[in-house]
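Residue numbers (the working numbering): 12 to 173. As structure tokens, the structure follows; a few thoughts come after it.
Structure (structure tokens):
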């Protein structure tokens with residue numbers, strides 16, 4: 012003989028409570044998306060979330076170099092006469108952002124606007140051996156001048172047909 016531990020209405024309430032709890036558990040496992048950075052060349056655009064981001068707080072000093080050395084997962088092809096348009100989320104611009112090339116800071120001061128244009132030729136200068144690289148990693152770093160708060164990577168691939 013089967014014995015009911017709960018009446019019908021209590022059973023439904025327990026099932027509903029369990030479903031709500033499971034839903035909250037699933038939602039708590041989701042990460043909040045980071046602000047986006049976008050590169051546009053001509054009519055092509057690519058965007059990426061941060062490789063390292065601490066919800067607007069400073070990235071730990073011990074993690075900065077590792078984050079700067081990460082390889083870009085997003086790439087775009089450019090020719091040397093293209094203009095590259097950089098766009099960042101207003102949250103990034105509020106703090107300021109700089110461009111890094113190959114993990115090294117390329118600008119002295121943080122830029123405070125959401126959009127800027129730089130000629131592609133600036134990213135493909137000749138090396139000491141006299142050769143021009145076929146690709147280069149460009150990193151957008153959100154910083155206040157004192158602390159790094161976000162890092163976004165892009166790979167620029169030189170168009171060999173141009």
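Glycine included, each C-beta is placed from N, C-alpha and C at the ideal position.
Could you compute how far the alpha carbon of residue i sits from the alpha carbon of residue j?
i           : j           : result
residue 75  : residue 171 : 33 Å
residue 95  : residue 126 : 11 Å
residue 132 : residue 165 : 16 Å
residue 163 : residue 91  : 22 Å
residue 120 : residue 129 : 16 Å
residue 49  : residue 59  : 7 Å
residue 153 : residue 107 : 6 Å
residue 78  : residue 84  : 13 Å
residue 118 : residue 89  : 21 Å
residue 27  : residue 61  : Confidence is the limiting factor: at residue 27 the pLDDT is only 48, short of 50, which leaves the residue's position unreliable and the question unanswerable from this model.
residue 93  : residue 148 : 17 Å
residue 73  : residue 144 : 30 Å
residue 101 : residue 52  : 20 Å
residue 57  : residue 82  : 16 Å
residue 80  : residue 167 : 16 Å
residue 135 : residue 142 : 10 Å
residue 105 : residue 55  : 26 Å
Does the distance from the CB of residue i to the CB of residue j come in under 9 Å?
i           : j           : result
residue 46  : residue 161 : yes
residue 146 : residue 123 : no
residue 159 : residue 103 : no
residue 151 : residue 110 : yes
Which residues mark the beginning and the end of the alpha helix (DSSP H) in which residue i is found?
i           : result
residue 86  : Counting along the chain, residue 86 falls outside any alpha helix (DSSP H), though it belongs to the beta strand (DSSP E) covering 86-89.
residue 104 : 101-106
residue 73  : 72-80
Buried or exposed, going by whether 16 or more other CB atoms sit within 10 Å of the CB of residue i?
i           : result
residue 156 : exposed
residue 98  : buried
With respect to 8 Å, is the separation between the Cβ of residue i and the closest non-hydrogen atom of the ligand MN below this value?
i           : result
residue 114 : Absent from the structure shown: the ligand MN. Ligands present: none.
Between which two residues does the beta strand (DSSP E) harbouring residue i extend?
i           : result
residue 168 : 159-169
residue 55  : 55-59
residue 255 : Outside the shown range of the chain, which is 12 to 173, sits residue 255, and nothing can be said about it.
residue 48  : 48-52
residue 118 : No beta strand (DSSP E) holds residue 118; DSSP gives it neither H nor E.
* Would you check if there are 3 or more beta carbon pairs closer than 8 Å linking the segment 110-118 to the segment 49-67? => no
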